[in-house]
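**Q** Residue numbers (this note's numbering), protein chains in the order written: chain A, 1 to 502; chain B, 503 to 749. Just dropping this structure here.
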């Protein structure tokens, strides 16, 4: 009888020993078979248990599947047969010093020493500055030139290094080398005092504070056996949707600015602020920091808040609609958005793109519909898939989502919301347990995975921001695209540096 | 064209009247903390224990705004008997020790550098460096360019090169991997140059303090002229700081 990957649920804690522990060969064969057959990688990481290193995979088809195996010191790379494991195997190599033999693109992910004090897979001396022995892809030939940008960029944005190999204006390959933002989040989550954990979680990516704190809170609640009340689920859903709206509106404005159409750029910038102020109204912080905590929310929504929020939304809704119409009905904007930076559906599947970036290529997947948490099971989340995979599609998906999110919030605000507020809670977590949480943050599938040790402490905390999947989508968009269209494509994704770098 | 005009009309003029008239932020906003010196010691101690940022000194009855992320846990635990957060967003300081407060913050204008005012009072060009910032501080600096705040009307702009800048604005806990790039950006800025630290991470390491991958305070690397606390600082805090310190 062969053991197989076990079907698990989003946000449900289970004993680690109930997860099938397979021989490596079988683990590898089954994982690649599931993903080659259309499955996707949610999490794939290494962890130490009882002095040994194991690999854990959480995959998704229509269901979530998990299995683990003992990790060899080196092993035949899964990526060699099945591309979606690409980033995950590089991360395992960097974090644990385990070499995936035959990996076609084995480079550092973030530039830091591994946690086991074993030989570095990349041969780096980490007392030297980043990027160490990073082997940039380069193109040779007459008229080929390279453009290097960053880590410090021209705007008020996070740092990262971009290297373009171009022939004339045309980009042959864009290599994105990150790691500048690495703060050691996963390790800090292991050693920090428990009262600090929600604060670290919500600052993994400040533009996704609600998303990350939600993933964290749901994981802690599952491990501690806490049930949240209806009211807190409604407030959390509103918080996550406000975060989505604010970011999408801001990015649509930036896209408009990048094609030199200034009215929507300014209007969106202002309206984004108004949506951020709704988070401020809710919890005193424009980015929703401090709203979500294990056990519920830290702020109630009384009828005054509810009326105030409803009034603000009603005032903004027509303005948002009209500005989007102005943007999308301008021929000069359309001509710049359409066919710019297109990614095919098959490339998007291979790269494992998630969120609006994936939906713009026709992949309808949305955690809110497929693995709903909080209030989403009771909401109707439409499929927003577009087919063209270009800047226009990415913008269009975001426009649709803004309008849908506004409607979701309106519907959630129609009834009184009662909740017991929480603050600091001492959570006793179940020992030897595993939980994975997924939420649809504004950039796509966000996931936290926790394993506890025999005394209920955190054994491993794995964070995966949607940007971990999507940065390669941006590289793909730039293939054969004019280098001057980089800012436009970059904004159409607007990926997280710190969410990726952790 | 008609659509542009229709939208323009609908949007109206949204630019704030600040600093001519003061602005009131929403009720749940947590600004300058105010400490009650007469609070019972056990209440103060309970606040210090609960503070995730270890920002409270219960014996001295002070709070370190550099560490504080303005979550309001202490206010709640003490039911405002020890700490209460006011609506006052004018919380930037020019000296690091001023961050440790019992509620009164020294007047920033009185501590501003006169030579900066003379040089940069009419035109201030800043280069922003995100050094492992979570993008919240960055976003609320970016927002200063939107019509409501409209930073450019004061002659202050964010520029694309340190060579064009009069100073740098640093956000984030300065990761090991960003340290060299940050120092090089500083060196590339012509003297005299101002250094502004924005947000709890740049001030003290913020929520990431204790991680070996970060720096606990920009002032351990560079001479900082202006400290702007918050997680992130409200855009009004940033705006007040820039106007008061440089204008």
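In this text, a Cβ means the ideal position worked out from N, Cα and C, and glycines have one as well.
Can you confirm whether residue 733(B), when its beta carbon is compared against all beta carbons of chain D, has any partner nearer than 8 Å?
**A** Note that chain D does not occur in the displayed structure, where the protein chains are A and B.
**Q** Let me know if residue 1(A) comes out buried or exposed under the rule of 16 or more other beta-carbons within 10 Å of its beta-carbon.
**A** Here residue 1(A) is taken as the residue at index 1 of the first chain, counted from 1. Note that residue 1(A) scores a pLDDT of 44, beneath 50, so its modelled location is shaky and nothing firm can be said.
**Q** Count the other CB atoms, across all protein chains shown, that sit within 10 Å of the CB of residue 165(A); report buried if there are 16 or more and exposed otherwise.
**A** Numbered from 1 along the first chain, position 165 holds the residue referred to as residue 165(A). Result: buried.
**Q** For residue 102(A), I'd like the list of residues in its chain whose CB is within less than 7 Å of its CB, leaving aside the five on either flank, ordered along the chain.
**A** Here residue 102(A) corresponds to residue number 102 of the first chain, with the count starting at 1. Answer for residue 102(A): 76, 77, 80, listed in chain order.
**Q** Looking only at its chain, what residues have a beta carbon closer than 7 Å to the beta carbon of residue 710(B), apart from the 5 residues adjacent to it on each side?
**A** In the second chain, residue 710(B) corresponds to position 208, counting from 1. Cβ neighbours of residue 710(B) beyond the five flanking positions: 675, 703, 716.
**Q** With 16 other CB atoms within 10 Å as the buried threshold, where does residue 183(A) fall?
**A** What you label residue 183(A) is simply residue 183 of the first chain in a count that begins at 1. Residue 183(A) comes out buried.
**Q** Can you look up residue 56(A) in the DSSP assignment and give me helix, strand or coil?
**A** Reading the first chain from its first residue, position 56 is the one you call residue 56(A). Strand.
**Q** Give, in chain order, every unbroken run of the alpha helix (DSSP H) that is at least 4 residues long and sits entirely within the stretch 573-638 of chain B.
**A** Within the stretch 573-638 of chain B, the complete alpha helix (DSSP H) runs of at least 4 residues are 575-579, 616-622.
**Q** Can you tell me whether DSSP reads residue 43(A) as helix, strand or coil?
**A** As a working note, residue 43(A) is residue 43 in the first chain. Here residue 43(A) sits in strand by DSSP.
**Q** Consider the Cβ of residue 740(B): report whether some Cβ of chain A lies at a distance smaller than 8 Å.
**A** Locating residue 740(B) in the second chain gives position 238, where the first residue counts as 1. Cβ-Cβ to chain A under 8 Å: no for residue 740(B).
**Q** Compute the Euclidean distance between the alpha carbons of residue 24(A) and residue 443(A), then round it to the nearest angstrom.
**A** Taking the first residue of the first chain as 1, we reach residue 24(A) at position 24. Taking the first residue of the first chain as 1, we reach residue 443(A) at position 443. Distance between the alpha carbons of residue 24(A) and residue 443(A) is about 33 Å.
**Q** Mind checking whether residue 199(A) and residue 700(B) have CB atoms under 8 Å apart?
**A** Along the first chain, read from residue 1 onward, the residue named residue 199(A) stands at position 199. Along the second chain, read from residue 1 onward, the residue named residue 700(B) stands at position 198. No, the Cβ-Cβ distance between residue 199(A) and residue 700(B) is not below 8 Å.
**Q** With distances taken from CA atoms, which of 689(B), 731(B), 630(B) is nearest residue 723(B)?
**A** Start at 1 with the first residue of the second chain, and residue 723(B) comes out as number 221. Of the candidates 689(B), 731(B), 630(B), the one whose C-alpha sits nearest the C-alpha of residue 723(B) is 689(B).
**Q** Nearest-angstrom Cα distance between residue 194(A) and residue 5(A)?
**A** Within the first chain, the letter at position 194 stands for residue 194(A). Within the first chain, the letter at position 5 stands for residue 5(A). Cα to Cα, the separation comes out at about 32 Å.
**Q** Touching or not, the stretch 350-368 of chain A and the stretch 525-540 of chain B, by the rule of three or more beta carbon pairs under 8 Å?
**A** These segments do not touch.
**Q** I'd like to know whether the C-beta atoms of residue 610(B) and residue 568(B) end up nearer to each other than 8 Å.
**A** Along the second chain, one-based indexing puts residue 610(B) at 108. Along the second chain, one-based indexing puts residue 568(B) at 66. No, the pair does not count as a contact, with Cβ atoms beyond the cut-off.
**Q** By the DSSP assignment, the alpha helix (DSSP H) with residue 411(A) in it spans what residues?
**A** The residue given as residue 411(A) occupies position 411 in the first chain. Run containing residue 411(A): 391-412, per the alpha helix (DSSP H) assignment.
**Q** Among 107(A), 287(A), 417(A), which has the Cα closest to the Cα of residue 641(B)?
**A** Here the question's residue 641(B) lines up with position 139 in the second chain. Ranking 107(A), 287(A), 417(A) by Cα distance to residue 641(B) puts 287(A) first.
**Q** Find out if the Cβ-Cβ distance for the pair residue 439(A), residue 373(A) is shorter than 8 Å.
**A** If you number the first chain from 1, residue 439(A) lands on position 439. If you number the first chain from 1, residue 373(A) lands on position 373. Cβ atoms of residue 439(A) and residue 373(A): closer than 8 Å.
**Q** Applying the criterion that 16 or more other CB atoms from any shown protein chain within 10 Å of the CB defines a buried residue, is residue 692(B) buried or exposed?
**A** One-based indexing of the second chain puts residue 692(B) at position 190. Residue 692(B) comes out exposed.
**Q** Only counting the same chain, and skipping five residues up and downstream in sequence, which positions put a Cβ closer than 8 Å to that of residue 624(B)?
**A** In the second chain, residue 624(B) corresponds to position 122, counting from 1. These residues qualify, in order along the chain: 657.
**Q** Answer yes or no: does any C-beta atom of chain A fall closer than 8 Å to that of residue 574(B)?
**A** Along the second chain, one-based indexing puts residue 574(B) at 72. Yes, its Cβ sits closer than 8 Å to a Cβ of chain A.
**Q** For the beta strand (DSSP E) holding residue 662(B), just list the boundary residues, first then last.
**A** Within the second chain, numbered from 1, the residue matching residue 662(B) stands at position 160. Premise fails: residue 662(B) is in no beta strand (DSSP E) and is neither H nor E.
**Q** Exposed or buried, which one is residue 400(A) when buried takes at least 16 other CB atoms within 10 Å?
**A** For the purposes of this step, residue 400(A) is taken as residue 400 along the first chain, with counting starting at 1. Buried, because 16 or more other Cβ atoms sit within 10 Å of the Cβ of residue 400(A).
**Q** Is residue 682(B) buried or exposed, if buried means 16 or more other CB atoms sit within 10 Å of its CB?
**A** Residue 682(B) sits at position 180 when you count from the first residue of the second chain. Classification for residue 682(B): exposed.
**Q** Closest to residue 419(A) by CA distance: which of 229(A), 326(A), 476(A), 187(A) is it?
**A** As a first step, residue 419(A) is located in the first chain; it is residue number 419 there, counting from the start. Measuring from the Cα of residue 419(A), the nearest candidate turns out to be 229(A).
**Q** Answer with buried or exposed for residue 732(B), where buried requires no fewer than 16 other C-beta atoms within 10 angstroms of its C-beta.
**A** For the purposes of this step, residue 732(B) is taken as residue 230 along the second chain, with counting starting at 1. Answer is buried; the Cβ neighbour count reaches 16.
**Q** Output needed for residue 588(B): all residues of its chain with C-beta closer than 6 Å, excluding positions within five of it in sequence on either side, in chain order.
**A** Taking the second chain and counting its residues from 1, the one referred to as residue 588(B) is at position 86. Within the same chain, residue 588(B) has close Cβ partners 533, 534, 536.
**Q** Mapping the DSSP letters down to three states, classify residue 747(B) as helix, strand or coil.
**A** Here residue 747(B) refers to the residue found at position 245 of the second chain. Helix, per DSSP.
**Q** Could you give the DSSP three-state label for residue 81(A): helix, strand or coil?
**A** Reading the first chain from its first residue, position 81 is the one you call residue 81(A). Residue state, collapsed to three classes: coil.
**Q** Relative to chain A, which residues along the stretch 708-732 of chain B have a C-beta separation below 8 Å, given in chain order?
**A** Cβ contacts with chain A: 708, 709, 710, 712, 713, 714, 715, 716.
**Q** So the candidates are 368(A), 309(A), 498(A); which of them puts its Cα closest to the Cα of residue 410(A)?
**A** By one-based count along the first chain, residue 410(A) stands at place 410. Nearest of 368(A), 309(A), 498(A) to residue 410(A), Cα basis: 309(A).
**Q** Of all the CB atoms in chain A, is at least one closer than 8 Å to the CB of residue 595(B)?
**A** As a first step, residue 595(B) is located in the second chain; it is residue number 93 there, counting from the start. Not closer than 8 Å to any Cβ of chain A, the Cβ of residue 595(B) fails to qualify, so no.
**Q** Would you grab the beta carbon distance between residue 56(A) and residue 68(A) for me? Rounded to a whole angstrom, and I think it's under 8 Å.
**A** Taking the first residue of the first chain as 1, we reach residue 56(A) at position 56. Taking the first residue of the first chain as 1, we reach residue 68(A) at position 68. Residue 56(A) to residue 68(A), Cβ: 5 Å. Contact.
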